[in-house]
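Since the structure comes first, as structure tokens, the remarks are kept for the end.
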Amino acid sequence: MAQIRITLFFFFFFFFFLFFLLSITLSSTSLNVTTVLSYSEDLSITTNFISTLGIDAELQDGSNFTLFLPTDTAFNNLSAASDTYKFHSLLPFQQYNLIKAHMIRAYITPTDLQSIKIVQTQTLSSESVDLDGYLLNITAINNSVVELQTPIVHHSIVTRAVYYRQPIAIYTVTKVLLPKEMFGIHKHYHAPPLSQIRPHILRPQPPNSGVSSGCEFS
């Protein structure tokens with residue numbers, strides 16, 4: 001009888017231990033991005049897109065992602081009339097591609113981001129629409145200021161790390177990263193072609209056990 005009790009004790013102990021480990025795993029890989037963004041007052045437009053278009057569900061598969069999200073001011077400051085018109089007339093699938101053009105399949109911490117020299121990488125829109133399109137350039141200047149650009153948008157500055165814990169890092173940027181494939185090339189941007197920039201391959205970063213948010217970029 002005593003042996004049966006001991007066996008049952010270890011059985012239930014092992015069962016609850018596995019349940020505990022599973023809970024930790026699920027909580028670390030099933031981040032609700034919309035919930036995280038809801039604490040940032042300057043990301044309401046982007047948050048609405050991510051939630052309405054179902055992108056938040058796609059970001060919960062446990063893969064590595066880095067998100068460069070335009071602030072509300074960035075959306076409100078779309079300068080060219082043609083850009084503003086096109087933005088407000090986008091169909092849902094076009095809005096989907098636009099938002100995913102701000103996301104890449106790699107986890108990049110603030111330290112790693114500020115050490116990047118010149119990187120040209122595919123975005124999530126590249127994967128779903130055009131592997132040779134929807135590209136994003138990332139450059140760190142003097143290991144502090146991080147700039148992002150597309151063929152038609154320059155000097156979109158990373159201003160803040162909203163959240164970073166593997167597998168997801170979230171940053172705010174000062175300009176909407178308009179893809180050439182959707183908005184064309186406008187003279188007022190004076191953007192050089194991507195071929196003039198020597199790209200490097202962006203690799204997913206190793207795991208990072210730290211949790212931080214609200215990191216400001218100088």
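Residue numbers (full-length UniProt numbering): 1 to 218. Glycine included, every Cβ here is placed at the ideal spot set by N, Cα and C.
Residues Asn97, Lys100, Ala101, Tyr134 of the same chain have their beta carbon placed closer than 6 Å to that of Ser125, with the five preceding and five following residues left out of the count. For Gln60, no beta strand (DSSP E) encloses it, and the DSSP letter there is neither H nor E. 8 Å or more divides the Cβ of Ala140 from the Cβ of Gln120.
Tyr39 and Ile50 have their C-alpha atoms some 15 Å from each other. Per DSSP, Asn76 is not a residue of any beta strand (DSSP E); the alpha helix (DSSP H) it occupies stretches across 72-76. Close CB contacts of Phe75 within its chain, under the 7 Å cut and outside five residues either way in sequence, are with Ile45, Val176 (chain order). A distance below 7 Å between beta-carbons, with the five flanking residues on each side excluded, links Glu58 to no residue of its chain.
Per DSSP, the unbroken beta strand (DSSP E) holding Asn137 starts and ends at 135-141.
If you look at Tyr163, you'll find it in the beta strand (DSSP E) that goes 156-165. When the alpha-carbon of Glu181 is set against those of Leu43, Lys86, Thr47, the nearest one is in Lys86. For Leu131, the secondary structure class from DSSP, reduced to helix, strand or coil, is coil.
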